[in-house]
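Here is the structure we will look at, set down as structure tokens.
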Amino acid sequence: MKRTGLPFGVAAILAGCTGPLERTPLPEQASSPESESCAARLAGASSEVSLSVTEGSERQIPVTLFLPEQPGEYPLLGFSHGAFASPTRYRAMLAPLASAGYIVIAPMHVDSEEFGSDERPDRDTTWRTRNEDMALALNPNQELLDLLEAREYTLSKGKVASVGHSYGAIMAQLPGGALAYESDGSQVDRADPDVDVVVGWSPPGSIPTMIDAEGWNTLAVPSLTITGTTDVLPGFIDDWRAHLASYENAPIGKRASWVGEGIDHYFGGMFGREKPADANSQRLFHRAMEISLNFMDRHIGSEQVCTLGPPVSGEAYQEDGA
-11 MKRTGLPFGV AAILAGCTGP LERTPLPEQA SSPESESCAA RLAGASSEVS
39 LSVTEGSERQ IPVTLFLPEQ PGEYPLLGFS HGAFASPTRY RAMLAPLASA
89 GYIVIAPMHV DSEEFGSDER PDRDTTWRTR NEDMALALNP NQELLDLLEA
139 REYTLSKGKV ASVGHSYGAI MAQLPGGALA YESDGSQVDR ADPDVDVVVG
189 WSPPGSIPTM IDAEGWNTLA VPSLTITGTT DVLPGFIDDW RAHLASYENA
239 PIGKRASWVG EGIDHYFGGM FGREKPADAN SQRLFHRAME ISLNFMDRHI
289 GSEQVCTLGP PVSGEAYQED GA
């Protein structure tokens, strides 16, 4: 049976969270003197390359690559943007992740306002092509591999992160093992065995005819859910806690969540719908970036996991051994 309301665990949080967010223990950090802080890693330089890639069906996919400053071998990060947005509207997120040591492949989906289509694609087309795009990002074709090789970049084998925002967060969770519904009511297993970790920024929660609570029960890799206490989209997501559905329903032992106090769907304009963000949004965005980098480092098996600073005001982090 499909569930269309809030899962029980989220409803319980709704009932219990009426005051300020509480700080919770952060993951224990390795004491290696060689480890660099997450903030320092994210503050480096990176480069950006835009191109059009031919998908197997001859469909042209605009792709943006964000690359570490120095050529070399790095883990892969596939990214899916939110509805109507584009990869470059996430530059504040993706460029720092590249500087931190990830090769980022971010396709532009057909629903993007920048795609150039005369008509908005229908739901089925958007769903199908978004999944194809994410498969390309996580399993680059020869065209992308040749481009990387020409610039002296190599992908580390067995080190892959799947990341997305909003609608794109669902696209990122499916390769990690989550199950959604197709338009005919069937379910397709899109789990990618190469994916090691998932990070979902503001995943939308249970959506009738798309994904329900049970859809996250099958997440097979560690997953981090990021949201904020003003993360609402009136008429679609009226309570920010709905975003926690993917955390609440992920397997125990493979899940983590981060919540920022006063943080909305776009971190005040830091990405997606860009505009000047206030100081609190900027501060907590940078903190969420550090949390996500540390989480990915740990679960792709990085030799140098970045170190987190102490907890900051306005954040709540939960992890149960992911």
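Everything in the sequence shown is counted per this note's numbering, starting at -11 for the first residue and increasing by one.
The beta carbon of each residue, even a glycine, is placed where N, CA and C say it ideally should be.
Keep in mind that this is a model prediction, so the values were computed, not measured.
Taking just the CA atoms, how far does residue j sit from residue i?
| i | j | result |
| --- | --- | --- |
| A83 | R29 | 11 Å |
| S45 | A208 | 29 Å |
| S19 | G297 | Residue placement at S19 cannot be trusted, given a pLDDT of 45 that sits under 50; the coordinates are not used to answer. |
| P63 | A201 | 30 Å |
| R139 | G223 | 46 Å |
| A73 | G289 | 31 Å |
| F317 | M96 | Only positions -11 to 310 of the chain appear in this structure, which leaves residue 317 out of reach. |
| G89 | T215 | 24 Å |
| E137 | I93 | 14 Å |
| L260 | E101 | Per the sequence shown, residue 260 should be read as Gly rather than Leu. Their backbone Cα atoms lie some 11 Å apart in a straight line. |
| W99 | A71 | Reading off the sequence, residue 99 comes out as Asp, not Trp. In a straight line, the C-alpha of D99 is about 6 Å away from that of A71. |
| E318 | M284 | Residue 318 lies beyond the stretch modelled for the chain, which goes from -11 to 310, so this question has no answer here. |
| A238 | S245 | 11 Å |
| L221 | R243 | 24 Å |
| N119 | L53 | 18 Å |
| L55 | A233 | 32 Å |
| H153 | P192 | 9 Å |
| I49 | T217 | 35 Å |
| Y235 | D110 | 29 Å |
| E43 | S174 | 25 Å |
| L65 | S144 | 11 Å |
| V151 | V41 | 20 Å |
| P299 | I91 | 28 Å |
| R178 | G302 | 36 Å |
Give every residue of the same chain whose Cβ lies closer than 8 Å to the Cβ of residue i, excluding the five residues on either side of it in the sequence, and list them in chain order.
| i | result |
| --- | --- |
| H274 | A27, L30 |
| E22 | Q292 |
| D219 | S190, I225, W228, H231, I251, D252, H253 |
| I324 | Since the first residue shown for the chain is -11 and the last is 310, residue 324 is missing from the structure and cannot be characterised. |
| M258 | A80, M81, A265, S269, Q270, F273 |
| L135 | V37, L39, L53 |
Taking the beta carbon of residue i as the centre, do at least 16 other beta carbons fall within 10 Å, making it buried, or is it exposed?
| i | result |
| --- | --- |
| R47 | exposed |
| T197 | exposed |
| N205 | exposed |
| D184 | buried |
| Q58 | exposed |
| P181 | exposed |
| L39 | exposed |
| V176 | exposed |
| V37 | exposed |
| G146 | exposed |
| D172 | exposed |
| D121 | buried |
| E107 | exposed |
| S194 | buried |
Please go through the same chain and pick out, in chain order, the residues whose beta-carbon is closer than 7 Å to the beta-carbon of residue i, but skip the five residues on each side of it.
| i | result |
| --- | --- |
| G203 | A166, L167, A168 |
| K263 | G257 |
How about residue i and residue j: do their beta carbons lie closer than 8 Å?
| i | j | result |
| --- | --- | --- |
| L85 | L212 | no |
| A331 | F67 | Outside the shown range of the chain (-11 to 310) lies residue 331, about which nothing can therefore be said. |
| A33 | S87 | yes |
| S35 | T295 | no |
| A276 | G248 | yes |
| H287 | P210 | yes |
Just to confirm my understanding: we take residue i, look at its own chain, exclude 5 residues before and 5 after, and list those with CB closer than 6 Å. What are they?
| i | result |
| --- | --- |
| Q161 | V186, G188 |
| F255 | S269, F273 |
| T142 | E61 |
| Y155 | G70, A71 |
| S105 | none |
Any heavy atom of the ligand PLP closer than 7 Å to the beta-carbon of residue i?
| i | result |
| --- | --- |
| E307 | The ligand PLP is not part of the structure shown, which contains no ligands of any sort. |
At a Cβ threshold of 8 Å, is residue i touching chain D?
| i | result |
| --- | --- |
| E36 | Note that chain D does not occur in the displayed structure, where there is just one protein chain. |
Original post:
Between the stretch 101 to 121 and the stretch 299 to 309, do at least 3 Cβ pairs fall closer than 8 Å?
Top reply: no
Original post:
Is there contact here, the stretch 67 to 77 with the stretch 126 to 133, by at least three beta-carbon pairs under 8 Å?
Top reply: no
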